[in-house]
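Following: one structure in structure tokens, then a few remarks.
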Amino acid sequence: MRTASSSKNPWQASEGDFPSLGTASEKLEFLLQYAVLAPSSHNSQPWLFRIVGDHVDLYADRTRALPVADPADREMLISCGAALGNLRLAMNAFGYMAERILMPQPDDPDLLARVRLGSAYRPTDEQRHHFRAILTRRTNRLPFDTAKQVQRDLMAAAVEDAEVERAHLTVTQDPEIKSAVAALVSEADEVQLQDPRFRRELAAWIHPSRSRSRDGVPGTAFGMNQILDQVGTPAASFVIRTFDVGGGWAARDRQIAAGSPTLALLWTGEDTPRHWVEAGQALSRILLRAADAGVSASFLNQPIEMAPLRSKLAQAMGIAGQPQLLLRLGYGPPLPPTPRRPVEDVLD
Ligand SMILES: Cc1cc2nc3c(=O)[nH]c(=O)nc-3n(C[C@H](O)[C@H](O)[C@H](O)COP(=O)(O)O)c2cc1C
Numbered sequence: 442m443r444t445a446s447s448s449k450n451p452w453q454a455s456e457g458d459f460p461s462l463g464t465a466s467e468k469l470e471f472l473l474q475y476a477v478l479a480p481s482s483h484n485s486q487p488w489l490f491r492i493v494g495d496h497v498d499l500y501a502d503r504t505r506a507l508p509v510a511d512p513a514d515r516e517m518l519i520s521c522g523a524a525l526g527n528l529r530l531a532m533n534a535f536g537y538m539a540e541r542i543l544m545p546q547p548d549d550p551d552l553l554a555r556v557r558l559g560s561a562y563r564p565t566d567e568q569r570h571h572f573r574a575i576l577t578r579r580t581n582r583l584p585f586d587t588a589k590q591v592q593r594d595l596m597a598a599a600v601e602d603a604e605v606e607r608a609h610l611t612v613t614q615d616p617e618i619k620s621a622v623a624a625l626v627s628e629a630d631e632v633q634l635q636d637p638r639f640r641r642e643l644a645a646w647i648h649p650s651r652s653r654s655r656d657g658v659p660g661t662a663f664g665m666n667q668i669l670d671q672v673g674t675p676a677a678s679f680v681i682r683t684f685d686v687g688g689g690w691a692a693r694d695r696q697i698a699a700g701s702p703t704l705a706l707l708w709t710g711e712d713t714p715r716h717w718v719e720a721g722q723a724l725s726r727i728l729l730r731a732a733d734a735g736v737s738a739s740f741l742n743q744p745i746e747m748a749p750l751r752s753k754l755a756q757a758m759g760i761a762g763q764p765q766l767l768l769r770l771g772y773g774p775p776l777p778p779t780p781r782r783p784v785e786d787v788l789d
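Just so we're aligned, residue 442 is where the sequence shown starts under this note's numbering, counting upward by one.
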């Protein structure tokens, strides 16, 4: 039987509705509202959950793959890892240990994790704050305040967050490195946006803000209200699919990357599905820490999505490992949330 929380818009999740006297499965169903608020590439929300007694299994929903931008499902598994990170934090915030096994059945590559609602746990104040930031975190693609730098101790704590999940974060505020990275972002943009298959895939996930769709990215999130919102979906998709938007977009991204107060590369030692899920859990921690401190973030992953540029990015950032996500951080204007599917839509 489905509970009231499973059919609700997850952004309206309210701590006071936690079924403290309910069964373990009712509690898990409630807590999943916080998992589905995680970020995901193109807001594809590529996750499925199965609750069995006191544990929940997290599956990758491969039907939501992005075969052009993400042919190996790497970003898909990072997205699922971020949902897992949010879920573990929510369990802790409501006073439970989150007992997690990654990839519990090696013969089932879609089963990414099993998490049990464990024994009593006392959350730290920091965890409570980061948990509350699940509702306020947004991907913010708008220009950031160039006069305001992100504090170094916040970034040092974010580096620790990555290590806790066996990932790594390398941060730079150096103008020369930022400019070299910005050039790679714009080079990747040019190549990707010249590819009609890439444009078609992107167009399929961009919706006007008034759309009733509960996935995909609203045009406003790109700061493209005029192009995308006034003309509506079919015309907007037409623009992206058919015109050479590469030049303008690439220049804008270059400016945005170079002008961002801080760039941070999330990376792993190896490039396996397990490492991707771990990177996703690190991402959840980093973004919630940032959101709690009022710091906005968005992604500039384009060079990571293209093999030759991925190694150039590693070189530019001085890392000996596998780049997974490139983040920009700073202070941006407030934004409305992007849509989410209710928990009942992602429950097996
Ligand atoms: C693995 C991953 C990759 C992403 N890649 C990009 C990207 O390359 N460009 C971008 O603008 N947003 C990117 N995003 C952000 C998503 O588009 C965003 O999370 C989604 O639209 C939901 O919006 P929200 O984060 O504001 O809730 C990525 C998110 C994840 C988790």
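Built from N, CA and C at the ideal position, the CB exists for glycine as well. Every value quoted in this text rests on a predicted model; they were computed, and no experiment measured them.
Taking residue i as the reference, give the member of the options with the closest Cα.
{"i": "residue 576", "options": "780, 786 and 540", "result": "780"}
{"i": "residue 514", "options": "540, 482 and 564", "result": "482"}
{"i": "residue 497", "options": "508, 544 and 772", "result": "544"}
{"i": "residue 493", "options": "466, 564, 614 and 637", "result": "466"}
{"i": "residue 534", "options": "765, 731, 661 and 476", "result": "476"}
{"i": "residue 748", "options": "722, 478, 510 and 733", "result": "510"}
{"i": "residue 768", "options": "743, 760, 532 and 775", "result": "743"}
{"i": "residue 618", "options": "524, 519, 456 and 760", "result": "760"}
{"i": "residue 455", "options": "464, 472 and 463", "result": "472"}
{"i": "residue 551", "options": "537, 585 and 504", "result": "504"}
{"i": "residue 727", "options": "586, 752, 715 and 598", "result": "598"}
{"i": "residue 570", "options": "474, 739, 732 and 738", "result": "732"}
Tell me which same chain residues have a C-beta within less than 7 Å of the C-beta of residue i, skipping the five on either side of it?
{"i": "residue 778", "result": "452 and 579"}
{"i": "residue 612", "result": "596, 600, 703 and 705"}
{"i": "residue 673", "result": "Summary for residue 673: the model assigns pLDDT 46, below 50, so the residue's position carries little reliability, and this model does not support an answer."}
{"i": "residue 447", "result": "470, 783, 784, 785 and 788"}
{"i": "residue 734", "result": "595"}
{"i": "residue 548", "result": "none"}
Who does residue i pair with in a DSSP beta bridge?
{"i": "residue 740", "result": "768"}
{"i": "residue 557", "result": "496 and 540"}
{"i": "residue 659", "result": "648"}
{"i": "residue 653", "result": "Looking at the DSSP assignment, residue 653 forms no beta bridge with any residue, so it has no partner."}
{"i": "residue 609", "result": "708"}
{"i": "residue 491", "result": "498"}
{"i": "residue 763", "result": "709"}
{"i": "residue 788", "result": "490"}
{"i": "residue 580", "result": "738"}
Spatial neighbours of residue i within its chain, please: C-beta separation below 6 Å, excluding the five flanking residues on both sides.
{"i": "residue 607", "result": "719"}
{"i": "residue 450", "result": "none"}
{"i": "residue 736", "result": "591 and 770"}
{"i": "residue 776", "result": "579 and 581"}
{"i": "residue 629", "result": "743, 744, 747 and 750"}
{"i": "residue 587", "result": "700"}
{"i": "residue 537", "result": "558, 559 and 562"}
Excluding five sequence neighbours on each side, which residues of the same chain lie with their C-beta closer than 8 Å to the C-beta of residue i?
{"i": "residue 445", "result": "458"}
{"i": "residue 667", "result": "For residue 667, the predicted structure reports a pLDDT of 45, less than 50, and the residue's modelled location is therefore unreliable. A value from the coordinates is still provided. Counting only Cβ-Cβ distances below 8 Å, and skipping sequence neighbours, we find nothing."}
{"i": "residue 399", "result": "Summary: the structure shown does not reach residue 399, with the chain confined to residues 442 through 789, and so no result is reported for it."}
{"i": "residue 589", "result": "702, 771 and 772"}
Report back the beta-carbon spacing between residue i and residue j to the nearest angstrom; my notes put them in contact at under 8 Å.
{"i": "residue 707", "j": "residue 724", "result": "6 Å"}
{"i": "residue 690", "j": "residue 634", "result": "6 Å"}
{"i": "residue 656", "j": "residue 486", "result": "5 Å"}
{"i": "residue 710", "j": "residue 762", "result": "5 Å"}
{"i": "residue 741", "j": "residue 692", "result": "Their Cβ separation, rounded to whole angstroms, is 14 Å, which puts residue 741 and residue 692 out of contact at 8 Å."}
{"i": "residue 621", "j": "residue 610", "result": "Going by Cβ atoms, the distance from residue 621 to residue 610 rounds to 18 Å, so no, they are not a contact pair."}
{"i": "residue 517", "j": "residue 506", "result": "6 Å"}
_Below 8 Å, how does it come out for the region 490-505 and the region 521-530: are there three or more Cβ pairs, yes or no?_
With a cut-off of 8 Å, the region 521-530 and the region 490-505 count as touching, because enough Cβ pairs lie within range.
*Just checking, does the region 750-760 make contact with the region 560-573 on the three C-beta pairs under 8 Å criterion?*
Here the region 750-760 does not lie against the region 560-573, with fewer than 3 beta-carbon pairs under 8 Å apart.
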